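Asks: Residue numbers (this note's numbering): 19 to 203. I'd like to ask some things about the structure below.
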């Protein structure tokens, strides 16, 4: 697949087969993630990989509990989904890759977001689907979860990405044309 085709056709996937991506495939995705640019080449990203189904099920429930206990506008918008006992935050994907940022580095959130985009494009090129699960960010920043996963205190979860083989191929999403708000010559 050519790069521009990958950019045009990649989209978020929320239905996966039960096939778990191989260790080699995951390592390859992490390799391409680290090829992202970073401010002053600080490379602030670190990765956590979870492929334990029971743990992902548990973290899905914990995520819903954390979100439902808050009263944010976002949670209110999705309360009906988050309250559904059948809703799985990670969409039963077989792999979760969390990109953590070292917060002592400048622009680490931006840098880790660039790494996430590289990872998602590489996954698409390899026949995998991905989806950024922003709902789970508070869970993976909770001190008890960081301790459980062995994540240093100074790291912040930026991009929790589910990865797996899509149940079916989806057509590209329609996107708006660029809205140029300034162009000076």
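For glycine and all other residues, C-beta sits at the position ideal for the given N, C-alpha and C. None of these values were measured; they are calculated from a predicted model.
Where do the N-terminal and C-terminal ends of the alpha helix (DSSP H) with residue 83 fall, by residue?
Replies: 71-86
Asks: Measuring alpha carbon to alpha carbon, tell me which of 60, 59, 42, 135 ends up nearest residue 21.
Replies: 135
Asks: In terms of DSSP beta bridges, what is residue 181 paired with?
Replies: 113, 148
Asks: Ignoring anything shorter than 3 residues, give me the beta strand (DSSP E) runs that lie fully in the stretch 123-177, in order along the chain.
Replies: Qualifying beta strand (DSSP E) stretches, in chain order: 147-150.
Asks: State the start and end residues of the unbroken alpha helix (DSSP H) segment that holds residue 198.
Replies: From DSSP, residue 198 is part of no alpha helix (DSSP H); its letter is neither H nor E.
Asks: What's the call for residue 191, buried or exposed, on a 16-neighbour Cβ count within 10 Å?
Replies: exposed
Asks: Below 8 Å, can you find three or more Cβ-Cβ pairs linking the stretch 145-155 to the stretch 27-35?
Replies: yes
Asks: Between the alpha carbons of residue 57 and residue 44, how many angstroms are there, rounded?
Replies: 25 Å
Asks: Is the distance from the Cβ of residue 121 to the Cβ of residue 166 below 8 Å?
Replies: no
Asks: Find the nearest neighbour of residue 127 within the set 185, 38, 201, 54, judged by alpha-carbon distance.
Replies: When each option's Cα is compared against that of residue 127, the closest is 54.
Asks: Using a threshold of 8 Å, state whether the C-beta atoms of residue 63 and residue 119 are closer than that.
Replies: yes
Asks: Report the rounded CA-to-CA distance for residue 69 versus residue 92, giving the unit in angstroms.
Replies: Roughly 28 Å separates the two Cα atoms.
Asks: Can you tell which of 36, 47, 162, 143 has the C-alpha that lies nearest to the C-alpha of residue 185?
Replies: 36
Asks: How close, in whole Å, do the beta carbons of residue 178 and residue 116 come, if the pair is a contact with beta carbons under 8 Å?
Replies: Rounded, the Cβ-Cβ distance is 5 Å, consistent with contact.
Asks: Pop quiz: residue 100 and residue 86 are said to be a contact at Cβ under 8 Å. What is the actual Cβ separation, rounded to whole angstroms?
Replies: That belief holds up - the Cβ atoms of residue 100 and residue 86 are roughly 6 Å apart, short of 8 Å.
Asks: With DSSP collapsed to three states, give me the class of residue 28.
Replies: DSSP places residue 28 in coil when its eight states are reduced to three.
Asks: Among the residues of its own chain, which have a CB less than 6 Å from the CB of residue 84, if the five just before and after it don't count?
Replies: 156, 157
Asks: Going by DSSP, what residues sit across from residue 67 in a beta bridge?
Replies: For residue 67, which the question treats as bridged, DSSP gives the partners 115.
Asks: Residue 47 and residue 188 - do their beta-carbons sit closer together than 8 Å?
Replies: no
Asks: Reducing DSSP to helix, strand and coil, say where residue 59 ends up.
Replies: Of the three classes helix, strand and coil, the one that applies to residue 59 here is helix, per DSSP.
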